[in-house]
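S.K.: Residue numbers (this note's numbering): 17 to 120.
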Amino acid sequence: MNNLNAGAADEYQSGTLSREDCIYTSCYWKLRVIPADVYLKTFASDRSHMKDSRGEWRMPPPPYPCIETPESKMNINSFISMDPKVGWGEVNTLTEFVKRFGMT
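1) Tell me the rounded alpha-carbon separation between Arg70 and Ser64.
2) What are the boundary residues of the alpha helix (DSSP H) that Asn93 is part of?
3) What are the boundary residues of the alpha helix (DSSP H) that includes Arg70?
4) Could you say if the segment 39 to 54 and the segment 95 to 111 meet the contact criterion of at least three C-beta pairs nearer than 8 Å?
5) State the Cα-Cα distance for the pair Tyr55 and Trp104, rounded to the nearest angstrom.
6) Helix, strand or coil for Arg116? Go by DSSP, reduced to three states.
7) Which whole-angstrom value is the C-beta distance of Phe117 and Ala25, which I expect to be below 8 Å?
8) Just reading off the beta strand (DSSP E) that Leu33 is part of, what are its end residues?
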């Protein structure tokens, strides 16, 4: 699954992932790593997360159809959750993520 090239991985880390030593431990990074083929086969969103409590769009929805699978119309929370027992892929700490993808 480690198919990022080292330069791209280092650039991604330095540009997006801040150091953890300057934040509370309860706020440490967690990243869900999902193989692309699994993501493309399983992700579904009916866009309900884009509506307010009255059911009105917060912003205009994209012009293309909602993403659905034969099994689900909405499972975005399984992708957002950092509970390792929920959803697909693996939840990594920042340290695990960096080691896994060979970043410096």
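We put the CB at the ideal spot given by N, CA and C, even for glycine.
The model shown is predicted, which means the values in this text are computed figures rather than measured ones.
M.R.: Quick answer:
1) Using only the alpha carbons, I get a separation of about 11 Å.
2) Note, Asn93: alpha helix (DSSP H), 92 to 96.
3) From DSSP, Arg70 is part of no alpha helix (DSSP H); its letter is neither H nor E.
4) In short, these stretches touch, since the Cβ pair count reaches three.
5) Computed Cα separation, rounded: 8 Å.
6) Three-state result, Arg116: helix.
7) Right, the Cβ-Cβ distance comes to about 5 Å (below 8 Å), so this counts as a contact.
8) DSSP places Leu33 in no beta strand (DSSP E); its state is neither H nor E.
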